[in-house]
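Beneath this line is the structure, given in structure tokens, with notes to follow.
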Amino acid sequence: MKIDYRTYAIIAAGGFFGAVLRWFIEEQIPSLPGTLAVNFLGCIFLGIFMYESIYIGAYSRETRIFFGIGLLGAFTTFSALAVQSFEVSPPLAVANIAANLVLGLFGIFLGRYLITYNRGI
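For the sequence shown, the working numbering assigns the number 1 to the initial residue and increments by one for each residue that follows.
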């Protein structure tokens with residue numbers, strides 16, 4: 001595999017902004033609701049971004065890497081979901097995991113719907 005420092009820099013820049021946005025939201029909405037919020041928002045934005053890329057072809061490879069891998073990769077979090085679910089009672093853990101999965105899938109669907117509806121696709 002060829003090392004492409006430009007791609008690494010693009011991912012790192014996106015990751016920086018995604019991590020800062022995640023921290024900002026966690027400061028406003030701590031713990032389980034904060035993680036649920038960032039995962040849901042991240043799925044909506046990824047759904048919009050993914051389907052905009054597929055149907056319209058509107059983004060360059062660098063833009064897809066910056067937002068899809070860097071920014072949204074750092075913004076959303078599976079590890080926080082796992083740790084926070086482990087630290088609460090079993091019924092709340094199951095509810096938290098279910099809410100993240102259901103809202104995550106709904107977020108992708110919503111993002112896709114917004115793009116296809118707005119573009120008349």
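From the three backbone atoms N, C-alpha and C, an ideal C-beta is built for every residue, glycine too.
Three-state class that DSSP yields for residue i in the structure shown
i      : result
Glu178 : With the chain covering 1 to 121 only, the question about residue 178 has no answer from this structure.
Glu87  : coil
Thr76  : coil
Gly57  : coil
Pro33  : helix
Inter-residue Cα distance where the pair is residue i and residue j
i      : j     : result
Ser89  : Asn96 : 10 Å
Pro33  : Tyr59 : 32 Å
Arg112 : Pro91 : 32 Å
Ile10  : Asn39 : 22 Å
Status (buried if at least 16 other CB within 10 Å, exposed otherwise) for residue i
i      : result
Leu71  : buried
Leu105 : exposed
Nearest-angstrom Cβ-Cβ length linking residue i and residue j, presumed shorter than 8 Å
i     : j     : result
Ala74 : Arg22 : 7 Å
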